[in-house]
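Heads up: the sequence shown begins at 31 in our numbering, then just goes up one per residue.
To start, the structure under review is shown below, and the notes come after it.
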Amino acid sequence: MNDISTDILLLILVLLILLSAFFSGSETALMTLNRYRLKHLTDEGHRGAKLASHLLQRPDRLLGLILLGNNFVNILASALATIICLRLYGEAGIAIATGALTLIVLIFAEVTPKTLAALKPEKVAFIAAYIYTPLLKLLYPLVWLINMFANRLLALFDVHAAEGKKDLLSADEFRAVVNETKHFIPDQHSEMLLRILDLEKTSVEDIMIPRNEITGIDLTDDWSDIERQITHSQRTRVPVFHDSIDNTIGVLHLRKVLNLFARGELNLDSVTALIRKAYFIPAGTSLTRQLLNFQKKKRRSALVVDEYGSIQGLVTLEDILEEIVGRFTTDSPTRNFDILTQDDGSFLVDGGTHIRDLNRSMNWSLPQGGPKTLNGLILEHMEMIPEPGTSLLINNYSIEIMRTSKNAVQSVRIMPLHKDEDEPNQVDDQAEDTD
Numbered sequence: 031m032n033d034i035s036t037d038i039l040l041l042i043l044v045l046l047i048l049l050s051a052f053f054s055g056s057e058t059a060l061m062t063l064n065r066y067r068l069k070h071l072t073d074e075g076h077r078g079a080k081l082a083s084h085l086l087q088r089p090d091r092l093l094g095l096i097l098l099g100n101n102f103v104n105i106l107a108s109a110l111a112t113i114i115c116l117r118l119y120g121e122a123g124i125a126i127a128t129g130a131l132t133l134i135v136l137i138f139a140e141v142t143p144k145t146l147a148a149l150k151p152e153k154v155a156f157i158a159a160y161i162y163t164p165l166l167k168l169l170y171p172l173v174w175l176i177n178m179f180a181n182r183l184l185a186l187f188d189v190h191a192a193e194g195k196k197d198l199l200s201a202d203e204f205r206a207v208v209n210e211t212k213h214f215i216p217d218q219h220s221e222m223l224l225r226i227l228d229l230e231k232t233s234v235e236d237i238m239i240p241r242n243e244i245t246g247i248d249l250t251d252d253w254s255d256i257e258r259q260i261t262h263s264q265r266t267r268v269p270v271f272h273d274s275i276d277n278t279i280g281v282l283h284l285r286k287v288l289n290l291f292a293r294g295e296l297n298l299d300s301v302t303a304l305i306r307k308a309y310f311i312p313a314g315t316s317l318t319r320q321l322l323n324f325q326k327k328k329r330r331s332a333l334v335v336d337e338y339g340s341i342q343g344l345v346t347l348e349d350i351l352e353e354i355v356g357r358f359t360t361d362s363p364t365r366n367f368d369i370l371t372q373d374d375g376s377f378l379v380d381g382g383t384h385i386r387d388l389n390r391s392m393n394w395s396l397p398q399g400g401p402k403t404l405n406g407l408i409l410e411h412m413e414m415i416p417e418p419g420t421s422l423l424i425n426n427y428s429i430e431i432m433r434t435s436k437n438a439v440q441s442v443r444i445m446p447l448h449k450d451e452d453e454p455n456q457v458d459d460q461a462e463d464t465d
């Protein structure tokens, strides 16, 4: 070493610092690569992406190689810096070498290259992958020996490097990804993706046509009434029953019935022959599961039953699809409701309106955990059938009862209140009888 000139040693020191910068920056770049974009580039045949992906399958080996190289060049650089400073400054050069090299390595071999790699990970990582792939093969015995000791130590803590890291996203994580990438995809598409994720949290009970709104064909009615129902029904598939909807015997496809009507062959016997066996599902079925069940069973509608077997409502394939893509038409016979805006800024709403529909259309936040309709929500809070003129406050929404029947709230007036209004300590279910 004494035979080598100081200028040559300085040149070697600079090269070692550059190598240290390469190892530090490439480590950051490879570890911060977007795994999903990397997979996409790999599938497209990108050579650098393929090499990087292969290296990242065993991050313990990759890190072993990088740290082996980085520590080697840093230690060698430290030794050279000490020799150079001893030649130039004598014994004081040891302290000078330590301080100067620490600052130089920190700035030029750590912070700067790692910052660059974090900002441009693909460019750095793909170039590094071309170098690390043959280097790993060359130094594999040494890397394997280092990893063996490191992995044995990790095994004591029940950590196994060979298992690797599975890049799996939960539903909430995927939701966050969609929200973060909204500027890359149309708003309508991102909303559809988010609604698909919501299907698992929503049950058929949340979107079904309630029992009292189901229109079906009662075979005990006069034939003239049945014929009128067939020709004037707004739905394609209707349940057929005896006396009560709980005695449903099947479902009738009215399009097939109209073919009989066109041929003049429409009668009770011909209609009965077209009845298809009813499809019943439990009320707690998630929309994701029911969508798959509709596909599997080749059905488009189902009757929702409770734990006692009583029919609670009707759900159709169209209802589920509307949860994803939005309403197909403005006058859908399945989930139609009216909201009338008043001059004072309040809204006149039908008591039978579904809370989910109301929240979605008006961007409100009425509670959805319990009753499904506005009428049910009011009755749950009041624990009685309120009189017209009664007012209550739910989630900062002032609700005034406008019209009731013997067993239900028919219509209400809703006035959303601002959070900063002078309503400090009112409880959510506070009610005031104004009569």
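In this text, a Cβ means the ideal position worked out from N, Cα and C, and glycines have one as well.
All values derive from a computational prediction rather than experimental measurement.
Give the C-beta separation of residue i and residue j to the nearest angstrom, bearing in mind that I take them to be a contact with Cβ-Cβ under 8 angstroms.
| i | j | result |
| --- | --- | --- |
| tyrosine 309 | leucine 333 | 7 angstroms |
| threonine 302 | leucine 284 | Threonine 302 to leucine 284, Cβ: 14 angstroms. No contact. |
| glycine 246 | valine 268 | 5 angstroms |
| leucine 81 | threonine 163 | 5 angstroms |
Report the residue from the options whose alpha carbon sits nearest the alpha carbon of residue i.
| i | options | result |
| --- | --- | --- |
| threonine 36 | Thr112, Asn100, Gln320 | Thr112 |
| lysine 436 | Ile415, Glu243, Asn426 | Ile415 |
| glutamine 264 | Ile279, Glu243, Leu447 | Glu243 |
| alanine 148 | Thr58, Glu210, Arg77, Arg182 | Thr58 |
| lysine 153 | Leu131, Leu169, Gly75, Leu63 | Leu63 |
| arginine 306 | Thr278, Leu347, Gly129 | Thr278 |
| aspartate 349 | Asp387, Gly375, Pro151 | Asp387 |
| serine 428 | Leu133, Met392, Gly400, Ser376 | Ser376 |
| leucine 296 | Lys328, Gln259, Glu74 | Gln259 |
Which residues in the same chain as residue i place their Cβ atom closer than 8 angstroms to its Cβ, once the five residues preceding and following it in sequence are excluded?
| i | result |
| --- | --- |
| glutamine 372 | Leu378, Arg443 |
| methionine 61 | Pro89 |
| leucine 166 | Leu85, Arg91, Leu92, Leu95, Val173 |
| leucine 43 | Ala107, Leu110, Ala111, Ile114 |
Ignore the nearest five residues each way along the sequence and tell me which others in residue i's own chain have a CB closer than 7 angstroms to its CB.
| i | result |
| --- | --- |
| tyrosine 119 | Ile126 |
| valine 234 | Ile311, Ala313, Thr315, Leu317, Gln320, Val334, Val345 |
| isoleucine 176 | Gly94, Leu98 |
| lysine 449 | A caution first: lysine 449 carries a pLDDT of 49, below 50, which makes its placement in the model unreliable, though a value can still be read off. Closer than 7 angstroms at the Cβ level, and outside the excluded window around lysine 449, lie Asn426. |
| alanine 438 | Gly381, Asn405 |
For the beta strand (DSSP E) containing residue i, list its first residue and its last residue.
| i | result |
| --- | --- |
| methionine 445 | 439–446 |
| tyrosine 309 | It is not in any beta strand (DSSP E) - tyrosine 309 carries neither H nor E in the DSSP assignment. |
| leucine 333 | 331–335 |
| phenylalanine 271 | 267–271 |
| methionine 238 | Run containing methionine 238: none; DSSP gives neither H nor E here. |
| glutamine 342 | 341–346 |
| arginine 433 | 427–434 |
| phenylalanine 377 | 377–380 |
| serine 421 | 421–424 |
| leucine 282 | 278–283 |
To which residues of the same chain is residue i closer than 6 angstroms at the C-beta, ignoring the five residues directly before and after it?
| i | result |
| --- | --- |
| leucine 116 | Gly123 |
| serine 83 | Leu68, Thr72 |
| histidine 430 | As written in the sequence, residue 430 is glutamate, which differs from the histidine given in the question. Cβ neighbours of glutamate 430 beyond the five flanking positions: Ser421, Arg443. |
| alanine 158 | Ser56 |
When the Cα atoms are used, what is the spatial distance from residue i to residue j?
| i | j | result |
| --- | --- | --- |
| aspartate 538 | serine 395 | The question about residue 538 has no answer, for the chain in this structure spans 31 to 465. |
| aspartate 33 | leucine 93 | 36 angstroms |
| phenylalanine 52 | aspartate 202 | 37 angstroms |
| isoleucine 369 | aspartate 380 | 7 angstroms |
| lysine 144 | isoleucine 137 | 10 angstroms |
| valine 281 | tryptophan 253 | 18 angstroms |
| arginine 241 | isoleucine 275 | 8 angstroms |
| serine 54 | serine 200 | 32 angstroms |
| leucine 97 | serine 220 | 42 angstroms |
| glutamine 342 | aspartate 336 | 7 angstroms |
| isoleucine 424 | methionine 445 | 11 angstroms |
| threonine 434 | arginine 357 | 29 angstroms |
| arginine 330 | leucine 288 | 19 angstroms |
| valine 457 | isoleucine 408 | Note that valine 457 has pLDDT 37, beneath the 50 cutoff, so the model's placement of it is unreliable and no number is given. |
| glutamate 257 | alanine 292 | 13 angstroms |
| isoleucine 237 | leucine 229 | 11 angstroms |
| glutamine 440 | valine 355 | 30 angstroms |
| lysine 231 | phenylalanine 204 | 15 angstroms |
| isoleucine 114 | asparagine 100 | 21 angstroms |
| isoleucine 161 | leucine 186 | 33 angstroms |
| alanine 473 | isoleucine 38 | This structure gives no information on residue 473, because the portion of the chain shown stretches from 31 to 465. |
| leucine 46 | asparagine 104 | 7 angstroms |
| leucine 304 | arginine 225 | 36 angstroms |
| glutamate 410 | proline 397 | 11 angstroms |
| threonine 364 | phenylalanine 271 | Low confidence applies to threonine 364: its pLDDT is 46, below 50, so where it sits in the model is not reliable, and the reading given next is rough at best. If I take the Cα positions, the gap works out to 20 angstroms. |
| arginine 390 | threonine 403 | 13 angstroms |
| isoleucine 239 | asparagine 181 | 59 angstroms |
| threonine 261 | lysine 286 | 12 angstroms |
| histidine 213 | leucine 227 | 19 angstroms |
| asparagine 323 | methionine 432 | 42 angstroms |
Following the continuous alpha helix (DSSP H) through residue i, name the residue where it begins and the one where it ends.
| i | result |
| --- | --- |
| isoleucine 408 | 404–412 |
| isoleucine 161 | 151–168 |
| arginine 225 | 217–228 |
| glutamate 74 | Looking at the DSSP string, glutamate 74 is not in any alpha helix (DSSP H), and its letter there is neither H nor E. |
Would you check whether the ligand GTP has a heavy atom nearer than 7 angstroms to the C-beta of residue i?
| i | result |
| --- | --- |
| threonine 278 | With respect to the ligand GTP, the structure shown offers nothing to examine, as it has no ligands at all. |
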